[in-house]
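A.B. asks:
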Amino acid sequence: MAEISKSYEPRDVEKKWYAAWQAAHAFAGKVAPGKEPYSIVIPPPNVTGVLTMGHVLNNTLQDILVRRARLEGKSALWIPGTDHAGIATQTVVERELRKQKQTRHDFGRERFLERVWEWRHEKGGIILEQLRRLGASCDWDRTQFTMDPHYSKAVLSVFVDLFGQGHIYRGKRMVNWCPVSLTALSDEEVIMKPVNGTMYHVRYERADAPGQFIEVKTTRPETIPGDVAIAVHPNDPRYAGWVGKKVRRPIGPSAEIPIIADTAVDLEFGTGALKITPAHDKADFEVGQRHNLPIIDVLNANGTLNELAGPGLAGLERFAGRKKAGELLKERGALVAEEPYANNVGYSERADVPIEPRLTWQWWLRYPRIEEAKTAVRDGHIKFHPERWSKVYLHWLENIQDWCISRQLWWGHRIPVWYRKGVDRDRLTEADLRDSTKVHVSLEGPSDPENWVQEDDVLDTWASSWLWPFATMGWPDTAAMEQAAINYFYPTTTLVTGPDIIFFWVARMIMAGLEFMRPGEPLERRIPFKNVYFTGIIRDAQGRKMSKSLGNSPDPLVLIDKYGADGLRFGIISIAPQGQDIRFQEDRIEGGKNFCNKLWNACRFRQISGEAGDNSSLNAILTRLEPAKFDADDHAILDRMLSTTREVNRCFTEFEFSAAVQALYAFFWNDFCDWYVEVSKSKLQSADTKRNCLAIQDLVLRQTLLLLHPFIPFITEELWHQLGYGPEGHFIEEARLENASQVATTAHGRGLTLDRAAVASVERLKSFVSQARALKAEHNLASRRDVKLLVTATDADWAVLEPNLTKLVRMAGAAEITRRDRVDGAPAMVTPLGTVYLDLASAVDVGAEKQRLQKELEQLAKHIAGTEARLANKAFADKAPAAVIDGAKKQLAEQHAKRTELERLLNALG
RNA sequence: GGACCCUUAGCUCAGUUGGUUAGAGCGUUUCCUUGACAUGGAAAAGGUCACUGGUUCGAGUCCAGUAGGGUCCACCA
């Protein structure tokens with residue numbers, strides 16, 4: 038073995054192993070007969086994306102799952118890829134063009150798309166490279182892109198299929214229009230934001246009775262030119278007699294508009310009268326439909342006011358128009374009042390500007406398989422972790438609306454619909470849509486393309502990503518599916534994602550899987566995944582969401598440079614409890630790095646402690662153990678190793694990854710390094726105990742490396758080889774992680790049975806040492822190693838202490854530990870293994886020592902009172918389980934004994 | 001307006017079916033460069049588990065309510 042360096046330097050190690058893994062195609066997902074499959078599809082990051090802390094968390098978790106699966110002997114597959122991200126990507130490329138004072142229209146559709154593809158080939162792989170730095174063990178040979186030819190085929194054939202089934206239709210409806218991106222958005226892409234605006238109180242004069250006014254409140258006076266009615270509630274006594282009369286529009290082209298009655302009006306709100314502007318409000322649109330009102334659209338697609346807004350307003354940008362409308366109203370005496378007003382406004386998630394409700398022709402999808410999608414989750418075929426998200430999911434499905442799947446973009450899957458030349462696509466009825474002489478819908482397009490014009494719109498990006506779990510496995514092409522082993526790997530085992538895309542993505546994938554996969558087969562064969570793990574959202578130290586605009590998101594690559602990928606992984610997982618948001622603290626990442634260094638040095642200590650034995654397999658190490666020479670520490674560390682193995686296993690079944698990390702941290706740092714390695718220093722001095730001690734270290738380190746590997750893959754791979762656990766040319770993941778009972782059984786076969794009582798005795802020995810150290814520190818002797826310690830102990834306690842004295846002397850930092858029948862006047866501590874004294878009677882500050890003992894007695898008295906009260910309670914004795922009562926009795930006895938001893942010490946001081 | 005979540009040490013958070021004296025990391029104080037590690041070791045200080053009631057022999061844990069914080073959903077102009 039080459040000597041291990043003094044501190045862990047991640048950079049070279051990470052580079053070396055990632056290259057080796059990749060060269061060996063170590064992460065290739067393969068069909069392995071007899072092996073259980075374990076598959077994950079990555080939530081595809083936007084092709085424009087760069088790695089964020091959210092990606093780090095999300096992908097580290099996925100990597101942990103697949104690496105653990107490999108160690109458990111499963112055949113794991115993690116499919117990577119990226120999403121073409123329609124609006125986001127088109128925006129990025131358009132922004133570049135704008136720098137050269139060009140727009141996409143200067144290029145035309147075809148040449149613009151060439152530009153986007155160029156961009157994607159140049160920069161679209163960045164995030165995947167970054168995932169490699171993180172250690173992601175994806176099967177890179179299977180990298181997917183939602184615009185790959187085979188993937189596009191899946192997307193389009195789904196459109197054709199759903200259209201054929203009547204699930205897809207074209208309709209003129211109110212949509213969320215983004216005046217910047219110039220496209221429709223789905224409801225899910227609109228986020229509500231509180232906005233401080235102005236409420237205008239506007240009066241409309243009666244046309245038949247000048248001087249009489251009806252007053253309404255509005256936040257959007259610029260839409261008044263689009264008003265076609267005033268609505269009141271039919272039961273509103275204030276306006277009885279007004280219904281059917283007409284009022285004058287105060288601004289815009291002059292017109293008389295009717296007062297109508299509609300129950301949609303809220304009697305309580307404002308004046309009880311509502312202006313109806315069907316072109317610019319969803320609710321108004323519905324009122325307009327009910328009353329057969331005209332629709333006056335006063336806005337252009339880009340959000341400027343058009344000529345229908347009338348002179349003074351036409352041509353203005355919408356917010357300038359709002360201000361101007363207010364002024365015009367004032368000039369005309371129609372503005373009764375204006376007041377500051379806070380309300381919620383829908384914003385385009387991508388462009389971050391208020392959306393406009395706008396009436397346009399769009400393609401809509403009636404979701405398939407809604408009921409089955411509910412059943413799949415409600416009946417536990419798909420398990421959500423944490424479970425509570427299933428309520429959010431079900432609630433959304435209860436209230437689901439048709440999905441607007443068309444986007445007025447160029448970058449995306451162009452809708453496979455062709456209109457016969459000469460046909461006015463905006464006058465097509467539902468029946469016309471299904472008339473193949475007017476509309477052609479197919480994957481291949483019409484055979485006489487010269488007679489047809491293709492739809493301009495592309496599909497919503499999510500209308501491609503909802504197919505991800507199976508379109509990444511070759512669907513719908515039979516040969517490709519065969520090659521991708523979809524039969525083996527589908528349904529995928531676990532999906533790891535954020536709860537923020539539960540509607541965008543998770544729910545839709547479930548419906549898609551149910552609809553398209555394995556028709557006719559049982560539900561559990563069609564679902565896209567069996568588990569969904571929802572991560573928390575990473576926030577900054579102040580609890581704010583991380584975002585580009587706030588600039589509060591640390592660059593993961595900087596963190597990797599600083600702390601190593603393993604350090605970053607360990608740190609982020611340790612602060613990510615299940616289901617809660619995560620407050621990012623860099624010191625925890627530093628803690629991850631420190632842990633790696635600790636691991637490194639423990640292995641280094643092992644290496645310089647003695648020649649390696651045969652470490653080539655679990656059996657080989659077990660053969661080297663000498664059960665006859667086991668002391669309490671040997672039993673205890675192996676027992677703790679097994680209980681930690683069990684605990685980590687439990688954590689994986691419960692998706693409690695931070696708990697697993699904490700268990701491993703505590704075991705390795707506290708039990709192994711702080712105690713076992715330290716007591717080893719005594720054991721290694723003696724030829725008699727050395728070989729067994731080294732074998733135990735080898736066993737513990739091996740198991741620890743295996744347990745830690747999914748979390749910190751690089752350093753564990755390196756140490757695995759440094760300590761000779763695996764042959765050259767093989768990787769740690771080719772080894773099997775045995776579970777606790779397998780290890781115990783194998784060890785038993787080698788003549789080793791662990792003594793559980795040893796664990797308890799070691800706890801008492803630790804306490805003895807710790808109190809002896811405290812005693813020294815109390816008397817400012819912490820750094821002295823020549824102090825003699827005296828002990829008074831029962832024979833039983835001494836029987837525990839005596840065989841461990843050499844170690845205890847070293848651990849306590851004493852010159853010697855000697856048993857006495859009685860010690861008077863020396864400072865002392867009462868431990869679970871007798872009372873330990875400093876042999877410095879003359880140097881004692883009697884007053885201070887008495888005070889200390891007094892304080893300890895007072896605290897003990899409180900505890901004794903508590904225990905006694907409990908035991909004295911008849912109801913407790915009657916109803917509590919025997920084990921609890923026995924425990925309390927035993928505790929009381931110990932407390933009494935301790936009190937007696939403390940009192941004796943106190944008396945001895947005079 | 002509806003749903004869900006959170007409130008535990010100075011800070012950030014664990015706390016798994018209710019059961020000995022409520023834990024961790026960081027920070028703080030004191031001591032230690034002892035031959036794995038100062039990215040380290042030892043010891044210590046620090047908490048009426050938001051509040052009020054209830055259930056129970058027993059509540060940080062279960063129930064109800066109150067206060068504060070957060071997230072999601074919802075067409076109140």
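As numbered in this note's numbering, residues 38 to 947 make up the first sequence, in order. Beta carbons are placed, not taken as given, at the ideal position from N, Cα and C, and that holds for glycine. Bear in mind that the values here come from a model prediction, so they are computed numbers and not experimental data.
Does DSSP put residue 563 in a helix, a strand or coil?
C.D. replies: Looking at residue 563 - three-state DSSP - the assignment turns out to be helix.
A.B. asks: How would you label residue 415, buried or exposed, when you count the other beta carbons within 10 angstroms and need 16 or more for buried?
C.D. replies: exposed
A.B. asks: Counting only runs that start and end within the stretch 812–875, where is the alpha helix (DSSP H) found for 4 or more residues in a row?
C.D. replies: Annotation: the stretch 812–875 contains the following complete segments of the alpha helix (DSSP H) (minimum length 4 residues), in chain order: 832–838, 842–849.
A.B. asks: What is the rounded straight-line gap between the Cα of residue 227 and the Cα of residue 780?
C.D. replies: Each residue's Cα considered, the two are about 54 Å apart.
A.B. asks: Report the start-end ranges of each beta strand (DSSP E) in the stretch 470–540 that is 3 residues or longer and not cut off at the edges.
C.D. replies: 476–478, 489–491, 529–534
A.B. asks: Which one of 265, 787, 299, 273 has the shortest CA to CA distance from residue 285?
C.D. replies: 265
A.B. asks: Please return the same chain residues whose Cβ sits closer than 6 Å to the Cβ of residue 768, not counting the five positions on each side in sequence.
C.D. replies: Around residue 768: 63.
A.B. asks: Which word fits residue 312, buried or exposed, when buried means at least 16 other C-beta atoms lie within 10 angstroms of its C-beta?
C.D. replies: buried
A.B. asks: Does DSSP put residue 654 in a helix, a strand or coil?
C.D. replies: coil
A.B. asks: Going by C-alpha distance, which of 121, 549, 94, 366 is nearest residue 447?
C.D. replies: For the options 121, 549, 94, 366, the alpha carbon positioned closest to that of residue 447 is the one of 121.
A.B. asks: Do the stretch 83–92 and the stretch 589–607 meet, that is, are 3 or more Cβ pairs less than 8 Å apart?
C.D. replies: yes
A.B. asks: Between residue 565 and residue 550, is the Cβ-Cβ spacing less than 8 Å?
C.D. replies: yes
A.B. asks: Note down the Cα distance separating residue 587 from residue 385, rounded to an integer number of angstroms.
C.D. replies: 18 Å
A.B. asks: Taking the C-alpha atoms as reference points, what is the distance between residue 94 and residue 763?
C.D. replies: 29 Å
A.B. asks: Hey, would you say residue 378 sits closer than 8 Å to residue 256, going by beta carbons?
C.D. replies: yes
A.B. asks: Can you give me the Cβ contacts of residue 443 inside the same chain, cut-off strictly under 6 Å, excluding the 5 residues immediately before and after it?
C.D. replies: 399, 400, 494
A.B. asks: Any idea if residue 755 is buried or exposed, counting beta-carbon neighbours within 10 angstroms, 16 or more meaning buried?
C.D. replies: By the neighbour-count rule (16 or more Cβ atoms within 10 Å), residue 755 is buried.
A.B. asks: Across the stretch 300–309 and the stretch 348–362, are there enough close Cβ pairs to call them in contact, namely three or more that are closer than 8 Å?
C.D. replies: Because the criterion of three Cβ pairs below 8 Å is not met, the stretch 300–309 and the stretch 348–362 do not touch.
A.B. asks: Of the choices 387, 233, 396, 289, whose alpha-carbon is the least far from that of residue 346?
C.D. replies: 289
A.B. asks: Just confirm the distance between the C-beta atoms of residue 669 and residue 795, as a whole number of angstroms; I'd bet it's less than 8 Å.
C.D. replies: 4 Å
A.B. asks: Tell whether a beta-carbon distance below 8 Å holds between residue 221 and residue 445.
C.D. replies: yes
A.B. asks: Between residue 877 and residue 886, what straight-line distance do the alpha-carbon atoms span, to the nearest angstrom?
C.D. replies: Roughly 13 Å between the two C-alpha positions.
A.B. asks: CA-CA distance, residue 281 and residue 405?
C.D. replies: 44 Å
A.B. asks: According to the neighbour-count rule (16 or more other Cβ atoms, all chains shown, within 10 Å of its Cβ), is residue 579 buried or exposed?
C.D. replies: exposed
A.B. asks: If you check the beta carbons only, do residue 128 and residue 501 fall under 8 Å apart?
C.D. replies: no
A.B. asks: Could you check where the beta strand (DSSP E) with residue 253 kicks off and where it finishes?
C.D. replies: Segment 250–255, the beta strand (DSSP E) holding residue 253.
A.B. asks: Who are the near neighbours of residue 38 in its chain, counting only those whose CB is closer than 7 Å to its CB and skipping five residues on each side?
C.D. replies: Because the pLDDT at residue 38 is just 48, under 50, the model does not fix this residue reliably, and the value given afterwards should be weighed accordingly. Excluding residues within five positions, the ones whose Cβ falls inside 7 Å are 644, 649, 759, 761.
A.B. asks: What distance in whole Å lies between the Cβ atoms of residue 625 and residue 646, which are believed to be in contact at a cut-off of 8 Å?
C.D. replies: The Cβ separation is near 31 Å, so there is no contact.
A.B. asks: At what residues does the beta strand (DSSP E) containing residue 236 begin and finish?
C.D. replies: 227–242
A.B. asks: Please go through the stretch 78–159 and give each complete alpha helix (DSSP H) segment of 4 or more residues, from N-terminal end onward.
C.D. replies: Annotation: the stretch 78–159 contains the following complete segments of the alpha helix (DSSP H) (minimum length 4 residues), in chain order: 90–108, 123–136.
A.B. asks: When you compare each of 946, 748, 488 to residue 604 by their alpha carbons, which one comes out closest?
C.D. replies: 748
A.B. asks: Would you identify the three-state DSSP class for residue 38, choosing helix, strand or coil?
C.D. replies: With a pLDDT of 48 at residue 38, under the threshold of 50, the modelled position of that residue is not reliable, and no figure is offered here.
A.B. asks: What residues in its chain sit with their C-beta under 7 Å from that of residue 170, if we drop five residues either side in the sequence?
C.D. replies: 594, 597, 602
A.B. asks: With a threshold of 8 Å on Cβ separation, who are the neighbours of residue 249 within its own chain once the five nearest residues in sequence on each side are excluded?
C.D. replies: 242, 243
A.B. asks: Please name the residue, chosen from 100, 92, 42, that lies closest to residue 531 on a Cα-to-Cα basis.
C.D. replies: 100
A.B. asks: Name the DSSP bridge partner or partners of residue 548?
C.D. replies: Residue 548 is not bridged to any residue.
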